[in-house]
Amino acid sequence: MEKDGPMKDLDIEKIYNNFYSYVYTIIINNSKGYLKEEDMEEIISDTFFILWKNTNKLEDGRILKPYIAGITKNLVRQKIRKNNIHLDILAYENTLEDIKGIDFLIEEREKIALLENSLKELKSEDKELFELYYYQNRKIKEIAVLLNISEFNVKQRLYRIRKKIKKNIEKKGGYRYEK
Numbered sequence: 003m004e005k006d007g008p009m010k011d012l013d014i015e016k017i018y019n020n021f022y023s024y025v026y027t028i029i030i031n032n033s034k035g036y037l038k039e040e041d042m043e044e045i046i047s048d049t050f051f052i053l054w055k056n057t058n059k060l061e062d063g064r065i066l067k068p069y070i071a072g073i074t075k076n077l078v079r080q081k082i083r084k085n086n087i088h089l090d091i092l093a094y095e096n097t098l099e100d101i102k103g104i105d106f107l108i109e110e111r112e113k114i115a116l117l118e119n120s121l122k123e124l125k126s127e128d129k130e131l132f133e134l135y136y137y138q139n140r141k142i143k144e145i146a147v148l149l150n151i152s153e154f155n156v157k158q159r160l161y162r163i164r165k166k167i168k169k170n171i172e173k174k175g176g177y178r179y180e181k
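Sequential numbering of the sequence shown, starting at 3, is according to my numbering.
As structure tokens, then:
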């Protein structure tokens, strides 16, 4: 999987196929349910169009993933502003009550922060495998082909990565998971 090659040789179709689910996930996480499916598809198209349009402005060797994430987040913000989405304070209060209040939100953010910190401590090949499976929603078979390893090896490494992350979270005062 070539994500980080020289910018002058961008294969937009390959990049689209590799990053589609990543972009979609960013949209879901940043729009918080306030965008229609058509708006999300438009943002996806616009993200890759902007990437293609700015190919000659990009520095050689620039990592695509954060650049694509930045484009996507900006487009989501613009779309929400354009659609003039305003939250009524009463609706917001009801939402907080529905999801167990502010304590629940804080606890969820802490869990996410612990997970992100644990991911930073992984070896690059483990992090790549984890991202392929969990963030890009790739299948075991597909990952095995991409990384040129057996399906059994992919499953085994995912198991070990999850175990490392769990141990790391517990070690840092995070949440203890029962078996």
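Where is the CB? At the ideal position from N, CA and C, for every residue including glycine.
The alpha-carbon separation between Ser-152 and Ile-142 amounts to approximately 9 Å. Proximity of the region 57-76 to the region 21-30 meets the contact definition, three or more beta-carbon pairs being nearer than 8 Å. For Arg-162, the secondary structure class from DSSP, reduced to helix, strand or coil, is helix. Just measuring C-alpha positions, the residue of Leu-148, Lys-165, Glu-144, Ile-108 sitting nearest Leu-124 is Lys-165.
When the alpha-carbon of Asn-19 is set against those of Lys-59, Leu-134, Glu-39, the nearest one is in Leu-134. Distances from the alpha-carbon of Thr-49 to those of Ala-115, Tyr-24, Lys-122 put Tyr-24 closest.
Buried is the label assigned to Ser-120, since at least 16 other Cβ atoms lie within 10 Å of its Cβ.
For Glu-133, there is no enclosing alpha helix (DSSP H), since its DSSP letter is neither H nor E. In the assembly as shown, Val-147 is an exposed residue. Its beta-carbon has fewer than 16 other beta-carbons within 10 Å. Of the residues Lys-168, Ile-145, Glu-43, the one whose Cα lies closest to the Cα of Lys-113 is Lys-168. The alpha-carbon separation between Leu-60 and Tyr-69 amounts to approximately 10 Å. Burial state of Phe-51 is exposed, judged by a 10 Å Cβ sphere holding fewer than 16 other Cβ atoms.
For Glu-43, the uninterrupted alpha helix (DSSP H) run begins and ends at 39-55, by DSSP. A check of alpha carbon separations from Ser-47 across Glu-15, Asn-32, Gly-35 identifies Glu-15 as the nearest. For the 8 Å CB-CB criterion, Ile-17 and Leu-66 form a contact.
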